[in-house]
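Each remark here refers to the structure printed beneath this line.
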Ligand SMILES: Nc1ncnc2c1ncn2[C@@H]1O[C@H](COP(=O)(O)OP(=O)(O)O)[C@@H](O)[C@H]1O
Ligand SMILES: [Mg+2]
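Protein chains in written order, with the working numbering: chain A, 78 to 328; chain B, 378 to 748.
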């Protein structure tokens, strides 16, 4: 770990190709502990693909991805990645609809060093249910703890999924368009929630194409375009950058 | 359905019925009080089908994995049980089974001696289908074969097994299968004693599976299965290797199916490759679909209803059966996607509406008077 900046994930010259098409083309990207990193870019820029590589859903054609400067993430499958501390909220809310809110969160509390066998036969431990209760309060769904996830509204499902990822206690928290389809009020609440999740042992990456939302929550931004890094820095500077403006306003 | 909050009532009723059924079978031994031997036998066979349906429901209702090949495990259990019965028959009669004589054998192949022992046979009935299921499941689940593709492969596997068993030189009786059983636990096959014993055992097996299965789906393991059904990739991204979860449920399911087959074969007195015919495996899915997936009670109810109709029709109008079966399938697909569970829910909401309507109309008049 480079102690000066506390980089959590570092992506270097990452290429992901689908046939002849390069969804990511020599992409550079970092996310540091303690920050909320916004990733913006027009549709098709490769933002979701970046998260796919970080979580083992797509594999890299070339390039390096490391966690804490040492662990090579490109060789791991999604289960190993999740266990090494990468949690992800998907663009389309994906929760277990037939289970209750509590059961969803409880399943997400996967203890890292516990074997699958122990996990299967474990009964609810006080420590775990305390963790679940904490997350439940954070995402503001206490009143719905015994409701089936299927009965939640779209926004509530998004929060539940954020809660599930939180319950994993990840080092790197990836949020793919967390406010897509939310009302204005819900968006404000979500922004506050994401801000409150910042911590010295957690790097948060928020993917959005909505600049306004990113401006509210991100400490720094990475602007992607056609699979490449176009800009990295503060949001103010991004707004002033003419290449970024070109991409967003058309040229 | 998975975590089954409407399950307990239905389950309790079923448990009560099964508990009544067990001693009822015993009545027969007291004289002419109980059911006829034929009926006792029918109850026993239907119970085996109910157990088989539950094994399919564990995967289908539980984890969303539909097997269209559970006839394979049912048949493996059946063949193993038949081998034990043939060995014990031989010990009494010293006559080699027909199919071995046709093959020109003068004695049993050496490994058949293992089946002299009942404990060893029971062990084989659990282990062999478990290993077959493990190998097949490991290969399929690891290469992430899911959904319809998985169902089709299970069917292909069973079909292959049928072709294999049809051959005489496979050594399990070929086309004609195995028959000529002598006695079950010392009770002559076909007699009242054996019928009562087997039916009681089958009913108990359903009871144990129901209680055990209901307990299982309320555990964390059960919830993981539901999570696999809802969104398997999600569960993997939470750090669970779903391969092992699915595989253990799949092997358990295969073993339960094998137990059902092992209990079934002595009741019908014969086993042949027809149990491996894809049509049986498909019918199991129909039983579960009719009763309603998930929670096991639907599987039991579906298996009992469909098979009682089948038994009745096979005497009254056997040629009608395919049409009745097709009609049932259409009914479930078009009207009741969750089988009879849907019907009970709907009638419950109708009753609730009706109740509310009656209450409202009763209340309206005084309200108007007050206003
Ligand atoms: N599995 C895939 N197969 C082929 N092309 C893909 C696949 N996934 C993404 N792409 C393509 O890669 C590009 C980047 O997609 P994506 O990462 O989803 O963009 P974003 O999330 O920034 O909108 C798009 O052009 C998309 O069509
Ligand atoms: Mg996207």
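Ideal Cβ positions, reconstructed from N, Cα and C, are used throughout, including at glycine.
Keep in mind that this is a model prediction, so the values were computed, not measured.
Residue pairing of residue 555 of chain B in beta bridges, as defined by DSSP: B/648. For residue 102 of chain A, the enclosing beta strand (DSSP E) begins and ends at 98 to 109. Within the region 615 to 632 of chain B, contact with chain A at the beta-carbon level (separation under 7 Å) is assigned to 615, 616, 617, 618, 621. Contacts with chain B (Cβ-Cβ distance below 9 Å) from the region 86 to 100 of chain A involve no residue at all. Cα atoms of residue 427 of chain B and residue 142 of chain A: separation of roughly 53 Å, rounded to the nearest angstrom. Taking 9 Å as the cut-off between beta carbons, the residues of the region 143 to 156 of chain A near chain B are 154, 155, 156, in sequence order.
Just so you know, the alpha carbons of residue 388 of chain B and residue 583 of chain B end up roughly 12 Å apart.
Contact between residue 124 of chain A and residue 118 of chain A holds, since their C-beta atoms are separated by about 6 Å, short of 8 Å.
Proximity of the beta carbon of residue 137 of chain A to ligand 1 is not indicated: no heavy atom of the ligand is located closer than 7 Å.
Note on geometry: alpha-carbon atoms of residue 268 of chain A and residue 316 of chain A lie some 20 Å from one another.
Excluding residues up to 5 positions away in sequence, 570, 571, 574 lie with their Cβ nearer than 7 Å to the Cβ of residue 564 of chain B in the same chain. Taken in chain order, the members of the region 173 to 185 of chain A whose beta-carbon sits within less than 9 Å of a beta-carbon on chain B are 173, 174, 175, 176, 177, 180, 181, 183, 184, 185. Looking at the backbone, the Cα of residue 176 of chain A and that of residue 646 of chain B are separated by about 45 Å.
Between residue 518 of chain B and residue 628 of chain B, the C-beta gap is not smaller than 8 Å, which leaves the two residues out of contact. The region 455 to 475 of chain B makes contact with the region 549 to 566 of chain B, as at least three CB pairs between them are under 8 Å.
In this structure, the alpha-carbon of residue 229 of chain A lies about 14 Å from that of residue 213 of chain A. Contiguous alpha helix (DSSP H) elements confined to the region 130 to 177 of chain A occur at 155 to 160, taking only those with 4 or more residues. With respect to the 8 Å criterion, residue 93 of chain A and residue 137 of chain A are classified as neighbours on the basis of their beta carbons. If you look at residue 694 of chain B, you'll find it isn't in any beta strand (DSSP E); DSSP assigns it neither H nor E.
Judged by beta-carbon spacing, residue 310 of chain A lies beyond the 8 Å limit of residue 104 of chain A, meaning their Cβ atoms are not closer than that value. Distance between residue 260 of chain A and residue 587 of chain B, taken at the CA atoms: about 46 Å.
Contact between residue 226 of chain A and residue 615 of chain B does not hold, since the beta-carbon distance rounds to 14 Å and is not under 8 Å. Taking every protein chain shown into account, the CB of residue 397 of chain B has fewer than 16 other CB atoms within 10 angstroms, so this residue is exposed.
Take the alpha-carbon of residue 452 of chain B and the one of residue 578 of chain B: they are about 18 Å apart. Using a Cβ-Cβ cut-off of 8 Å, residue 603 of chain B is close to 173, 175, 176 of chain A, given in chain order.
Residue environment: residue 684 of chain B is assigned as buried (16 or more neighbouring CB atoms within 10 Å of its CB, all protein chains considered). According to DSSP, residue 91 of chain A shares a beta bridge with A/104. It is roughly 10 Å from the alpha-carbon of residue 624 of chain B to the alpha-carbon of residue 631 of chain B. DSSP links residue 302 of chain A through a beta bridge to A/305. Cβ proximity to chain B below 8 Å picks out 241, 245 from the region 224 to 258 of chain A.
Here the alpha carbon of residue 695 of chain B sits roughly 45 Å from the alpha carbon of residue 173 of chain A. Taking a cut-off of 8 Å for Cβ pairs, the region 150 to 165 of chain A and the region 247 to 260 of chain A touch, as three or more such pairs fall below it. Burial is judged here by how many other beta carbons sit within 10 angstroms of a residue's own beta carbon; residue 537 of chain B has fewer than 16 and is exposed.
For residue 114 of chain A, the uninterrupted beta strand (DSSP E) segment begins and ends at 113 to 117.
Assigned with DSSP and collapsed to three states, residue 445 of chain B falls in coil, not helix or strand.
Shortest gap from the CB of residue 315 of chain A to any heavy atom of ligand 1: 7 Å or more.
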